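In this text, residue positions in the sequence shown follow the numbering used here: the first is 311, and each later residue adds one.
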Amino acid sequence: MSKHLVIVESPAKAKTIKKYLGSDYEVLASYGHVRDLIPKGGAVDPDHGFRMDYRVIERNEKHVEAIAKALKKADTLVLATDPDREGEAISWHLHELLNERGLLEGKKAERVVFYEITKGAVREAIAKPRHLSNDLINAQQARRALDYLVGFNLSPLLWKKIKRGLSAGRVQSPALRMIVERELEIEAFVQREYWTLDAAALKDTQAFTAKLQIYQGNKLDQFDINNETLAQSARDTLIAAAAGSLRVAKLEKKDRKRHPAPPFTTSTLQQEASRKLGFSASRTMRVAQQLYEGVDLGGGPIGLITYMRTDSLSLANDAVSELRDLIAKRFGNAKLPESARHYKTKSKNAQEAHEAIRPTSAMRLPDEIKTYLSPEQYRLYDLIWKRTVACQMIHATLDTVGADLHAGDAKHVFRATGSTVKDPGFMAVYREDLDDAKVENDERMLPELTEGETIQLQDVLTHQHFTEPPPRYTEASLVKALEEHGIGRPSTYASIISTLLQREYAELESRRFTPTEIGRIVNSFLTQHFTRYVDYDFTARLEDELDEISRGEKDWIPVLEGFWKDFHDQVKDKETSVSRAEAVQSRELGIDPDSGKPVSVRMGRYGPLVQIGTKDDEEKPRFASLQPGQKMDSLDLEQALALFTLPRDLGETPDGEPVSTNIGRFGPYVKFGKRYASLGADDDPYTIELPRALELIEEKKQLDAQRFIKSFEAEGIQVLNGRYGPYITDGSKNARIPKDQDPAELNLETCQELLAAAPQRRGRGKTATKPRAKKSAARSAGKSS
C-alpha cells in the first residue's frame, strides 16, 4: 500500500517522477484536464454569480476512475500538476471530483509544483507542499468563463448572419484582426522607386565601397533621387567633382560592444525555434514538453529543461553558478564577465513560473546526449542550451571604422564603414541574429586609411530600388506582436495560432499567414459591430485583470460582471439590427447580359459564391461557387459569369453515353453516364474538349477494370480490389474477405453473410461504434472552496 498518491498531467512525467520518489509513492497521470464546462448553453450562469456547470471529460473518465481507486489505498493525495493557472485548475477540478465522492475523508491533500523534473528538485518540492491557490484557480475559472461566454454568444450570431459552423474567440479574434490588417496594408501599398549611389574605391590593391550621404550640400533622404535620370545626373556630377580621387576627410575608430540576448521565455523560444529550426509554435511546445517531462539518458528518464511556459527571465543562483563554472572550463575565464548577468522580467505576472527556460544542468552538453534524443529533441535542446550558456558570457567586441570621403569638397560626401570581430565573446556560442547580412556587416573590412590622404575612385555605381510592402506575419512575428500588445499568455500562443488555422480563418503560405475569405468577413463583422472586443488595448487590459485576480488583487466575479452586461446587450442588439447582406459583404458586379439581372458576389452558407438575380425575383436566383484561388474582393463580372458556364456538355462516348465537365467537391471532373473521371493537373474544365475527355474516360475505365473482381448486379453487390486488399461492398457497407477465401470464387450467399456481419459505415472512413452511457454531469458552484 502506497502512503502517498502523486498526480501529474502526463504518463511520461509520472514515469520520471516515480523513479525519484520510491516505493512509498504511487504516481499517476490525469492526462490533462479531467473536467470541463458542459458543451452547451447555460454552462456559465451570469444570473447566479456566474455559476459554472462542469462534467468529467469523457475520454479521461477511465483515468479519473484509476486515480479514485488508487486513492482508497493512500493516506495522502499530492496534486503535482503543472506550475501555472491551468495546472492549478486541473488539480482543483480533480480535488473537487474526489471530494464529491467522499474519497478525501480522513486523508491529507497537498499541492506541490515542479519547475524542473530532476531528483533534487522533485524531492525538494515534495518536502514543501502548500494548499491549492484560490487566486490562481479563480483566475483560470474567470478566463474559461470569459472564453465560454464570448464563444457561446458570438458564434450563433455568426451562424445566423454569415455561415453555419463559424466561431469567435476572445483572444483569437484580435489575432485574426492583426493578420487581416496586415493584409490590407499590403493591398493598399503603393510601390515607390528610389536610387542609391556608391563609390567604388581602391586603396593600394584593396577595393571597397562607400555610400553617398551628402549631395550638393544636402543630406540625402530616401526619395531625393527617385528616377534613373536624376541618378545618372548625380553620377556625372560626382565623377566630375572627384576627378578620379576621393579625400579621406574624417576617420572614426572605436570599439563597439554587443551583449547577449537574455535566456528564453515561452515567446522568445517559439520565435527563435521558428526562425532557426522552422518549428511551428505547437511543435516547439510539444518537443519542449518532452524535454521537460523527462528523457531516458541510459539510467532512466530525467527532465532536461525547466518548465517551458513562463514570462520570467530570471535564473536560479545555483544554475548561474553552474553556467559560470562551465564557461570557465570550456571557454576560459576570459569569457566570463566579472559578475553574473541578471535579466529583469518585463511582465508583472511572469506566468507564476520563477525561472526562464534553461537546461536543468548545463553540464549535459547537447552533443554528449544526442544519441538519446530524437532529432527534433536534440535541435531544440541544443538551441536552449546555447542561448542559456551565451547569456552568462562576456559581451562581443567589434572594431568599427567609419570614414567620410569627399568628392572634390564637402558638398559631396560618401560614407564607408567596416568592422571586424575583435573578441567574439558570447558569439562563439550563440547569436540571436543568424542573418547573413548582419554577419557580413560584422565582418566587412576596410583598408588602412589615414585622414587627409587621397584614394582612387574607380567608378560611381547607381542602384535602383523599390519600396516593399510590410511582410505578412510568420508564426514568430505573430507571437512577438501578440506579446507586445499584451494579448494572450505563454500557455495560449500556440493554441491561438492552431485555432486560426483549424477554423480556416487564415492559411500558412510559405510559412506566412494569409487571411482566408471567411477570415476577412468574420474580422470585418467583428471589428465593425464588436469593435471594443477585438480592440488590442481592451483585450490586453482584460488579460491584466486576469493577472490581478491570480495575484489576489481583484475578485473574479466583478471582473466578469464588468464584461458581461455590455457584451450581452450588444449581442442582442446586433441580432436584430444587422442585416445578413451587410454581414456577408455582398458586392454587386454588374448586370448579366442574358437575363438582365444583377450579378453579385457574397459569402454563402457553404462558402463564397456568385449570385444572378435576387430573392425578390419571380424566378429563384442562380448560384455558382467561387473556385480555388478566386477572391471575393477581386472577382470581376467576366470571371463571375464564367462560373455559370459549367457544367459543359462535350458530346458522347463511342457507346453513346453523354459526356460533360464540371467542378465538384473534390475538384474538376468529366462525367460519362453515371460515372466520373478526375481531370488532370493541366486540364481546365472551361476549355477541355471531347477528345481529351475521352482519354481520361478510357484511363478511368482501365483503372476500374483492375479494381473490379466480380459483381452481383441484381443485388447491387460488388467484389473489388481496394487500397488494403479485396473487399465486398453494397454501397452502404463494406466487408472484409477472410484470408482463406478466394475473392473471385465468392458466391452471392457468402457475400450477403459477410455484409450482414460488417459494421455500418458512418461518415467517410469511419464505422459506427456503440454509444457509451454518459455519466451525470458533475455540477460545481463557480467559486472555489
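For each residue, glycine too, the CB sits at the ideal point set by N, CA and C.
Computed from a predicted model, the values in this text were never measured in an experiment.
| Item | Value |
| --- | --- |
| By DSSP, does Y335 sit in helix, in strand, or in coil? | strand |
| According to DSSP, simplified to helix, strand and coil, what is M595? | helix |
| Please return the same chain residues whose Cβ sits closer than 7 Å to the Cβ of S1106, not counting the five positions on each side in sequence. | Any property of residue 1106 remains undetermined from this structure, which presents the chain solely from 311 to 1095. |
| Pull the bridge partners of W505 from the DSSP assignment, please. | Q774 |
| Near G862, what residues of its chain come up, given a Cβ to Cβ distance below 6 Å and the 5 sequence neighbours on each side ignored? | D445 |
| With T620 and I694 assumed to form a contact (beta carbons below 8 Å), what rounded beta-carbon distance in angstroms separates them? | Between I694 and T620 the Cβ distance is about 12 Å, and since that is not below 8 Å, they are no contact. |
| Fully enclosed by the segment 774-820, which alpha helix (DSSP H) runs are 4 residues long or longer? | 785-795, 803-812 |
| For the alpha helix (DSSP H) holding K382, just list the boundary residues, first then last. | Counting along the chain, K382 falls outside any alpha helix (DSSP H), and DSSP gives it neither H nor E. |
| From S935, S543, V770, M595, pick the residue whose C-alpha is nearest to that of A553; which is it? | V770 |
| Return the bridge partner residues of F982 from the DSSP annotation. | V969, R985 |
| State buried or exposed for N833, treating a residue as buried only when at least 16 other CB atoms are found within 10 Å of its CB. | buried |
| Measuring straight from C-alpha to C-alpha, what distance separates T391 and A419? | 13 Å |
| Tell me which residues share the same chain as D746 and place their Cβ nearer than 7 Å to its Cβ, disregarding the 5 neighbours each side in the sequence. | Below a pLDDT of 50, predicted positions are generally treated as unreliable, and D746, at 43, falls in that range; no measurement from the model is reported. |
| Under 8 Å, with one C-beta from each stretch per pair, do the segment 807-821 and the segment 478-498 reach the 3-pair mark? | yes |
| Quickly, what does DSSP pair F1018 with across the bridge? List them, please. | L1030 |
| What are the boundary residues of the alpha helix (DSSP H) that P908 is part of? | Per DSSP, P908 belongs to no alpha helix (DSSP H); it is in the beta strand (DSSP E), 908-914. |
| Would you kindly report the start and end of the unbroken alpha helix (DSSP H) that includes Q687? | 685-700 |
| Can you name the residues that DSSP bridges to T616? | E426 |
| In terms of alpha-carbon separation, which member of S860, F982, L870, G900 lies closest to G397? | S860 |
| Taking the alpha-carbon positions, what's the G416 to R365 distance? | 25 Å |
| Do you know how far the Cα of E582 is from the Cα of A591? | 10 Å |
| Roughly how many angstroms lie between the CA atoms of A791 and Q599, to the nearest whole one? | 24 Å |
| Would A786 pass as a contact of R912 if the rule is Cβ separation under 8 Å? | no |
| Please work out which residues of its chain come closer than 7 Å, Cβ to Cβ, to R689, disregarding the five sequence neighbours upstream and downstream, and give them in chain order. | L587 |
| Is it buried or exposed for A1015, if we count other Cβ within 10 angstroms and need 16 for buried? | exposed |
| Might you give, ordered along the chain, the residues of its own chain that have their beta carbon closer than 6 Å to the beta carbon of A1087, omitting 5 neighbours on each side? | Unreliable placement is indicated for A1087, whose pLDDT of 35 sits below 50; the coordinate value is still reported in the next sentence. Cβ neighbours of A1087 beyond the five flanking positions: I348, R365. |
| Give the straight-line distance between the Cα atoms of H773 and L708, rounded to the nearest whole angstrom. | 29 Å |
| Classify A663 as buried or exposed, calling it buried when 16 or more other Cβ atoms lie within 10 Å of its own Cβ. | The predicted model places A663 with a pLDDT of 49, which falls under 50 and marks its position as unreliable; any figure quoted below should be read in that light. It is buried - the Cβ of A663 has at least 16 other Cβ atoms within 10 Å. |
| Closer than 6 Å by C-beta to L1064: which residues in its own chain qualify, once you throw out the five before and the five after it? Chain order, please. | I1038, A1045 |
| Whole angstroms is fine: what's the gap from Q812's alpha carbon to P356's? | 30 Å |
| Quick one: Cα of G435 to Cα of Q451, how far? | Looking at the sequence provided, one finds Ala at residue 435 rather than Gly. About 25 Å. |
| L288 to A478, Cα distance in whole Å? | Outside the shown range of the chain (311 to 1095) lies residue 288, about which nothing can therefore be said. |
| Check whether the Cβ atoms of M942 and E827 sit closer than 8 Å, and answer yes or no. | yes |
| Whole angstroms is fine: what's the gap from T670's alpha carbon to K372's? | 33 Å |
| List the DSSP bridge partners of A934. | V920 |
| Do L561 and E761 come within 8 Å of each other at the CB atom, strictly closer than that value? | yes |
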